[in-house]
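Participant: Sharing a structure, written as structure tokens. Questions coming.
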Amino acid sequence: MNIFRLLGDMCHLVAIIILFLKIWRSKSCAGISGKSQVLFALVFTTRYLDLFTSFISVYNTVMKVVFLVLAYATVYLIYLRFRSTYNSESDSFRVEFLLVPVAGLSFLENYAFAPLEILWTFSIYLESVAILPQLFMITKTGEAESITTHYLFFLGLYRALYLANWVWRYHTEGFFDQIAVVSGVVQTIFYCDFFYLYFTKVLRGSGKMTLP
Amino acid sequence: QIILKKKDEL
């Protein structure tokens, strides 16, 4: 555990909590892509199956359980509790275009051809693209509430901090996880355009982020 | 036989 990794995990947790509280308090999931949230729930489910097979630390186990619970709770709020506020017409990204290539790639490029390994690889690849339906939705409607942009900011920051964590681990312990690093770099690139808009529009102005 | 490391990251 290093400072980048810990801060990264905390930003990830903060992002998920921000989204959950935003929906819970406003009783509305307007502007939120339910598809991205289902993909994240799928990411956690397929990655954290090792909760049943290996114990790493109390921290690791607790964080995994918290992420899983919050991911499913968020999906529940969007699709069941506050379903009437869900903008399904704007959330029109075709997730099969992500799921099929990601599933195919996880069979082809993995560390071992074993069920848990393939599912772990699938989760890594899927996480790198899971935010695309949300970014697509913002592009399509041309705006996002500031609280939604704060959620995306913390999620992007988590990714950037994990990159720093891998650089640190490579130099201090010789640790290098090729699949995670390549996917992580790809994932972080998706946030660059958003980061630019966040700093130039949301932080400088106020309220909503509108696209030019 | 590849010996896989435990995945300690989240």
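Those protein sequences? They're chains A and B, same order as listed.
Take 285 as the starting number for the first sequence in this note's numbering and just add one per residue.
Take 27 as the starting number for the second sequence in this note's numbering and just add one per residue.
Even glycine gets a Cβ: it sits at the ideal position worked out from N, Cα and C.
In chain B, what lies closer than 7 angstroms to residue 340 of chain A by C-beta?
Facilitator: Near residue 340 of chain A (Cβ distances below 7 angstroms), the residues of chain B are 32 and 34.
Participant: Which bits of chain B does residue 334 of chain A rub up against, with CB to CB less than 7 angstroms?
Facilitator: Chain B residues near residue 334 of chain A: 33.
Participant: Under a Cβ-count criterion, where at least 16 other Cβ atoms within 10 Å of its own Cβ denotes burial, should residue 485 of chain A be classed as buried or exposed?
Facilitator: With 16 or more other Cβ atoms within 10 Å, it is buried.
Participant: Grouping DSSP H, G and I as helix and E and B as strand, with all else coil, what is residue 411 of chain A?
Facilitator: Of the three classes helix, strand and coil, the one that applies to residue 411 of chain A here is helix, per DSSP.
Participant: Under three-state DSSP, which class holds residue 380 of chain A?
Facilitator: In the structure shown, residue 380 of chain A sits in a helix (DSSP, three-state: H, G or I).
Participant: Counting only beta-carbon atoms, is residue 438 of chain A nearer than 9 angstroms to chain B?
Facilitator: No, no contact with chain B.
Participant: What is the residue span of the alpha helix (DSSP H) that residue 431 of chain A lies within?
Facilitator: From DSSP, the alpha helix (DSSP H) with residue 431 of chain A extends over 430-457.
Participant: How is the alpha helix (DSSP H) around residue 417 of chain A delimited, first residue to last?
Facilitator: Looking at the DSSP string, the run of the alpha helix (DSSP H) that includes residue 417 of chain A is 416-425.
Participant: Using a Cβ cut-off of 9 angstroms (strictly closer), state whether residue 375 of chain A contacts chain B.
Facilitator: Chain B contact via Cβ: absent.
Participant: First and last residue of the alpha helix (DSSP H) that includes residue 314 of chain A?
Facilitator: Segment: none, residue 314 of chain A is in no alpha helix (DSSP H) and carries neither H nor E.
Participant: Comparing alpha-carbon positions, which option in A:292, A:359, A:437 and A:466 lies nearest residue 319 of chain A?
Facilitator: Nearest option by C-alpha distance: A:359.
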